[in-house]
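Residue 66 is where the sequence shown starts when you use my numbering, and the numbers rise one by one after that.
From the three backbone atoms N, C-alpha and C, an ideal C-beta is built for every residue, glycine too.
Here is the structure we will look at, set down as structure tokens.
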Amino acid sequence: MIEADDPSTDFFVLGNIQRIRGLALLEQDDRELAIHHFSRSLTIFEAAEDLYHTGLVHLLLGANLDARNATRAKRHLTTALEIFRKLGDGPHTAAAAKETERIEHNAPVESPGAEKRANSVVSQLLMVRLAEATATRELLFRELVAVLQQESNAKRLVIAQINDQKQLYPFITHGYSPQESNELVKKFGDAQKAQDEKTFCRVKNIAVFPLRGTAAQPAFLLINPQSGAVLNDDSSLQPLLRVVELGMDVVALREKDRSTPTEQEVSPYTSNSLMPGFIHSSPAMTALVEDVYKIRSSDVTVLVTGESGTGKELVSRAIHTLSNRKDKIFVPFNCTAVPKELAEGHLFGYKKGAFTGAVQDSPGVIRTADGGTLFLDEVGDLPIDVQPSF
């Protein structure tokens with residue numbers, strides 16, 4: 066699966082995966098789970114600022130929410146109408162208008178038993194929805210805001226986190242202007258420093274929920290009004306927020322894993338060397354290996370000196386193996402192995418017939434090694450007139 070292999074794949078792909086899953090579930094008459102996938106798709110397309118697909122998913126949600134969610138369905142259809150009118154998409158505008166008219170003419174049917182069962186299913190799907198939104202920290206928080214918009218009475222929301230300057234700033238907002246969210250978060254930060262968060266919450270009618278993972282940077286969820294800080298069935302937000310905290314840890318650990326270099330496999334027949342295939346024990350050789358390891362990721366010319374037979378090519382191969390060019394070619398060239406008058410041709414290439422024995426064009430070892438590593442052995446034996454060409 067694409068999501069399992071690389072959760073940060075292009076949002077266009079991820080969003081359409083969720084949309085297509087929802088359409089497939091509609092064919093199987095599993096409307097509840099289809100709504101779950103459409104909702105996930107909507108969050109992804111909104112994060113990607115994909116206006117057309119955002120409108121398309123709003124239309125799908127509005128058309129498939131049941132009668133008990135008529136208000137929510139109208140909200141989706143209204144947004145879809147606005148988007149398709151803006152895009153000049155006549156067929157989809159007409160489809161959204163038709164669905165809106167259908168909902169307005171169908172009165173909701175109340176069934177307490179069915180509502181209770183539906184609430185249970187919705188609660189489970191919300192947890193799954195948040196647990197699956199761990200491609201990035203931003204997507205996870207956007208999913209949380211979308212869930213609270215749809216399933217609670219929260220009118221305005223801010224998720225604040227700490228920047229590189231150790232200052233709180235509004236990361237994701239809903240219902241606040243940029244200026245309002247900045248002012249609100251600043252006052253919240255001041256209240257934290259003064260240890261007077263209760264007064265801040267009372268004056269601003271804000272409910273504050275800290276989001277703290279074990280491995281992730283903390284964040285804070287601010288909900289206005291305080292009475293909106295519960296789900297529509299009056300159940301607590303804490304189970305959902307705990308899922309978000311676990312998701313924050315998943316994202317943080319995945320990013321840490323990507324930034325940590327993969328350790329090279331060490332053969333049982335070699336020492337605990339940082340350089341593969343290099344057996345050593347003396348302090349001097351250990352220092353050499355450490356120096357090589359330090360420069361492994363730099364695209365610089367390296368001069369390796371030493372007597373014949375001391376392992377200059379081995380060191381060069383190890384540098385190549387440890388570098389980001391390891392999947393490219395390693396080209397060794399002994400500068401004493403060709404006549405001096407032919408050295409330039411072997412290095413820089415030659416055309417067919419340039420000299421006796423040149424039966425075909427040759428790109429030269431320098432072009433051959435492009436993208437990889439070129440090892441010039443006994444480089445001091447190159448003709449003096451060739452050396453400036455480098």
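Start and end residues, beta strand (DSSP E) containing Thr401: No beta strand (DSSP E) contains Thr401, which DSSP labels as neither H nor E.
Beta-carbon gap between Phe206 and Phe236 smaller than 8 Å: For the pair Phe206 and Phe236, the CB atoms are nearer than the 8 Å cut-off.
For Asn297, three-class secondary structure by DSSP: Three-state result, Asn297: coil.
Contact under 8 Å by Cβ, Ala211 with Leu79: Not a contact, by the Cβ cut-off of 8 Å.
Rounded distance between the beta-carbons of Ala225 and Phe253, thought under 8 Å: The Cβ separation is near 7 Å, so the contact holds.
Boundaries of the alpha helix (DSSP H) in which Asp356 is found, first to last residue: Per DSSP, the continuous alpha helix (DSSP H) segment holding Asp356 begins and ends at Pro348 to Ile360.
Cβ pair Thr438, His385 closer than 8 Å: Between Thr438 and His385, the gap from beta carbon to beta carbon is short of 8 Å.
3-residue-minimum beta strand (DSSP E) runs that sit fully inside the region 216-293, ordered along the chain: Annotation: the region 216-293 contains the following complete segments of the beta strand (DSSP E) (minimum length 3 residues), in chain order: 221-227, 233-239, 272-276 and 284-289.
Among Ser346, Val354 and Glu310, nearest to Gln282 - alpha-carbon criterion: For the set Ser346, Val354 and Glu310, the Cα lying nearest the Cα of Gln282 is the one of Glu310.
Proximity winner among Thr366, Asn399, Val365 and Asp356, relative to Ser373 (alpha-carbon distances): If we check each option's Cα against that of Ser373, Asn399 comes out closest.
Run of the alpha helix (DSSP H) containing Thr165, from where it starts to where it stops: Thr165 -> alpha helix (DSSP H) spans Gly155 to His170.
C-alpha gap between Phe149 and Phe395, whole angstroms: For the pair Phe149 and Phe395, the Cα-to-Cα distance works out to about 56 Å.
Gly278 versus Asp314 - alpha carbon distance: In a straight line, the C-alpha of Gly278 is about 6 Å away from that of Asp314.
Which of helix, strand or coil DSSP assigns to Pro72: Because the pLDDT at Pro72 is just 46, under 50, the model does not fix this residue reliably, and the value given afterwards should be weighed accordingly. It is coil, neither helix nor strand.
C-beta contact flag for Tyr241 and Arg221 at 8 Å: Yes, these two residues count as a Cβ contact at 8 Å.
Exposed unless 16 or more other CB atoms sit within 10 angstroms - verdict on Ser347: Its Cβ having fewer than 16 others within 10 Å, Ser347 is exposed.
Beta-carbon spacing of Phe110, Leu126 below 8 Å: No. Outside cutoff.
Extent of the continuous alpha helix (DSSP H) run through Thr108: First-last of the alpha helix (DSSP H) with Thr108: Arg96 to Ala112.
Straight-line Cα distance separating Ser388 from Thr136: Computed Cα separation, rounded: 58 Å.
Exposure label - Leu368; buried when at least 16 CB within 10 Å: Exposed is the call here.
Length of the line joining the Cα atoms of Glu416 and Ile85: At residue 416 the sequence reads Lys, which differs from the Glu that was named. Distance between the alpha carbons of Lys416 and Ile85 is about 56 Å.
Where Thr375 falls: helix, strand or coil (DSSP): If DSSP states are grouped into helix, strand and coil, Thr375 belongs with coil.
Extent of the continuous beta strand (DSSP E) to which Leu441 belongs: Per DSSP, Leu441 belongs to the beta strand (DSSP E) from Thr438 to Asp442.
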